[in-house]
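Colleague:
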Amino acid sequence: MKIINEINRDKVNFILMSVMILADILYMFVYSVSYILNIVILLWVFIMTPNILVYMRGNGNWKNSKVIK
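The letter at position 30 of the sequence shown is residue 14 when you use the working numbering, and the numbering goes up by one with no holes.
1) For N(-8) and W28, what's the separation of their Cα atoms in angstroms?
2) Once you ignore the five residues that flank L(-6) on each side, which residues in its own chain have a CB closer than 6 Å to its CB?
3) Can you give the Cα-Cα distance for F(-2) and L37, rounded to whole angstroms?
What follows is the structure in structure tokens.
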């Protein structure tokens, strides 16, 4: 009976350890994806927003957005 309890305890420990490892891997994956999304959003804010504002202020040409008089 004592051997069966030890085997069951080993199985439970293995299952719990596997769950913890999978949770750590999932957490690292979610954290890395959110980090990449933050970088993409910051690039959009700091690069595309000034370009859009210059385009709106200009004559509708992306490369030469000065107003022709």
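Using N, Cα and C, we set each Cβ at its ideal position, and we do this for glycine too.
Modeller: The structure says:
1) Numbered from 1 along the sequence shown, position 8 holds the residue referred to as residue -8. Numbered from 1 along the sequence shown, position 44 holds the residue referred to as residue 28. Cα atoms of N(-8) and W28: separation of roughly 54 Å, rounded to the nearest angstrom.
2) Here residue -6 refers to the residue found at position 10 when the sequence shown is read from its first residue. The question names Leu, but residue -6 is Asp in the sequence shown. Excluding residues up to 5 positions away in sequence, nothing lies with its Cβ nearer than 6 Å to the Cβ of D(-6) in the same chain.
3) As a working mapping, residue -2 is identified with position 14 in the sequence shown. As a working mapping, residue 37 is identified with position 53 in the sequence shown. Note on geometry: alpha-carbon atoms of F(-2) and L37 lie some 58 Å from one another.
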